[in-house]
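Chemist: Residue numbers (our numbering): 7 to 247. Note that the Cβ used here is the ideal one computed from N, Cα and C, for glycine as well. Please read these numbers as outputs of a predicted model, since none were measured by experiment.
(1) Assign residue 1 to buried or exposed, taking buried as 16 or more other Cβ atoms, counted over all protein chains shown, within 10 Å of its Cβ.
(2) Just the C-alpha distance for residue 90 and residue 137, rounded to the nearest angstrom, thanks.
(3) What's the gap between the Cα of residue 156 and the Cα of residue 240?
(4) Please name the residue, chosen from 179, 66, 15 and 125, that lies closest to residue 109 on a Cα-to-Cα basis.
(5) Tell me the DSSP secondary structure of residue 23 in three-state form.
(6) Which residues does DSSP list as the beta-bridge partners of residue 8?
(7) Going by C-alpha distance, which of 219, 121 and 58 is nearest residue 15?
(8) Quick one: give me the first and last residue of the alpha helix (DSSP H) that residue 57 is part of.
(9) Are the beta-carbon atoms of residue 6 and residue 51 separated by less than 7 Å?
(10) Under a three-way DSSP split, which group does residue 223 fall into?
(11) Once you ignore the five residues that flank residue 61 on each side, which residues in its own chain have a CB closer than 6 Å to its CB?
(12) Where does residue 138 fall in DSSP's three states?
(13) Inspect the beta-carbon positions of residue 213 and residue 199 and report whether they are closer than 7 Å.
(14) Does the contact criterion of 3 or more C-beta pairs under 8 Å hold for the region 64-84 versus the region 128-146?
(15) Quick one: what's got a C-beta closer than 8 Å to residue 98's C-beta in the same chain, skipping five residues either side?
(16) Just checking my contact of residue 11 with residue 163 at CB under 8 Å: how many whole Å lie between their CB atoms?
(17) For a test of the three-state rule: what should DSSP assign to residue 49, helix, strand or coil?
(18) Just the Cα atoms here: how many angstroms apart are residue 39 and residue 47?
(19) At which residues does the alpha helix (DSSP H) containing residue 216 begin and terminate?
(20) Do residue 192 and residue 168 have their beta-carbon atoms positioned less than 7 Å apart in this structure?
(21) Kindly indicate which residue of 44, 80, 45 and 118 has the alpha-carbon position closest to the one of residue 170.
(22) With a cut-off of 7 Å, does the C-beta of residue 80 fall near any C-beta of chain C?
(23) So, helix, strand or coil for residue 72, using DSSP?
(24) Grouping DSSP H, G and I as helix and E and B as strand, with all else coil, what is residue 110?
(25) On the three-state DSSP scale, how would you describe residue 132?
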């Protein structure tokens, strides 16, 4: 089985849709995805993901099932200054000094995470993902999967960066904190995972590509900056809170 996790195009968060650039990116993405033999399409309930998927679905003549758990991961934590901040938007100097954040089994027990009830949010995503994979023939068993109906189907899910990192942490066995803060999947990027059944009946997922935007480079379209922070603090055009 092959699982494609596709981030939405350059977002206009004020209207939960796409910018003009995001629409262009989504159209280029459709040129790549629509010709593929996709077994099933799924998408987040949020507008920016659905608008991105629309280009591919229209071109392929297909429809997608909406998965509520695939919405952006939006659990808020206390930022220590009387405000609230997304868990995947902490400052490096705050989270890197706490060793537990690097541990896949301990990071959610850090007091600020525990107070936010983040484990329940994580479990909602992981349970949703496991139910989806079971529908497609792979049933979770501990940290691996039983290949109940092994196949080479391709499944595509249009979603968001934050929730993608939660799914990857579940499939690969790593703390999402490392993925949230140490990687970036640009708008309309494609992250690909494939099952490996090295022993009959037992499967694990391997990531063969992360944040692939070759469809943008093919047409000379630069990647959007959404999700990144300034390379240099002096670059005021890139700087944001």
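Modeler: Straight from the coordinates:
(1) This structure leaves residue 1 out entirely; the chain is present only between 7 and 247.
(2) What you label residue 90 is simply residue 84 of the chain shown in a count that begins at 1. What you label residue 137 is simply residue 131 of the chain shown in a count that begins at 1. Put simply, the backbone Cα of residue 90 is about 31 Å away from that of residue 137.
(3) In the chain shown, counting from the first residue as 1, residue 156 sits at position 150. In the chain shown, counting from the first residue as 1, residue 240 sits at position 234. Using only the alpha carbons, I get a separation of about 52 Å.
(4) Here residue 109 is taken as the residue at index 103 of the chain shown, counted from 1. Per the Cα distances, 179.
(5) The count along the chain shown starts at 1 and reaches residue 23 at position 17. Correct three-state label for residue 23: strand.
(6) By one-based count along the chain shown, residue 8 stands at place 2. Answer by DSSP bridge pairing, in chain order: 160 and 200.
(7) Translated into positions along the chain shown, residue 15 becomes position 9. It is 58 whose Cα lies nearest to the Cα of residue 15.
(8) By one-based count along the chain shown, residue 57 stands at place 51. Here the alpha helix (DSSP H) through residue 57 covers 53-66.
(9) Not covered by the structure: residue 6. The range shown for the chain is 7 to 247.
(10) On the chain shown, position 217 is the one that residue 223 refers to. Three-state DSSP puts residue 223 in a helix.
(11) Position 55 of the chain shown, counting from 1, holds the residue named residue 61. Cβ contact annotation for residue 61 (same chain, cutoff 6 Å, sequence separation greater than five): 32, 33 and 36, in chain order.
(12) The sequence position of residue 138 within the chain shown is 132, counting from 1. The answer is helix: DSSP assigns residue 138 an H, G or I state.
(13) Position 207 of the chain shown holds residue 213. Position 193 of the chain shown holds residue 199. Yes, they are a contact pair.
(14) Short answer: they touch.
(15) Here the question's residue 98 lines up with position 92 in the chain shown. Within the same chain, residue 98 has close Cβ partners 187.
(16) The residue labelled residue 11 in the question sits at position 5 within the chain shown. The residue labelled residue 163 in the question sits at position 157 within the chain shown. Correct: roughly 6 Å between the Cβ atoms.
(17) Position 43 of the chain shown, counted from the start, is the residue given in the question as residue 49. Strand, per DSSP.
(18) As a first step, residue 39 must be located in the chain shown, where it is residue number 33. As a first step, residue 47 must be located in the chain shown, where it is residue number 41. A straight line joining the alpha-carbon of residue 39 with that of residue 47 spans about 11 Å.
(19) As a first step, residue 216 is located in the chain shown; it is residue number 210 there, counting from the start. Looking at the DSSP string, residue 216 is not in any alpha helix (DSSP H); the run it does join, the beta strand (DSSP E), is 208-218.
(20) Along the chain shown, read from residue 1 onward, the residue named residue 168 stands at position 162. Along the chain shown, read from residue 1 onward, the residue named residue 192 stands at position 186. Cβ atoms of residue 168 and residue 192: not closer than 7 Å.
(21) Here residue 170 refers to the residue found at position 164 of the chain shown. When each option's Cα is compared against that of residue 170, the closest is 80.
(22) Given the protein chain composition of this structure (a single chain), no chain C is represented.
(23) Looking up residue 72 in the chain shown gives position 66. Residue state, collapsed to three classes: strand.
(24) As a working mapping, residue 110 is identified with position 104 in the chain shown. Three-state result, residue 110: coil.
(25) Sequence index remark: in the chain shown, residue 132 carries index 126 (1-based). Helix at residue 132.
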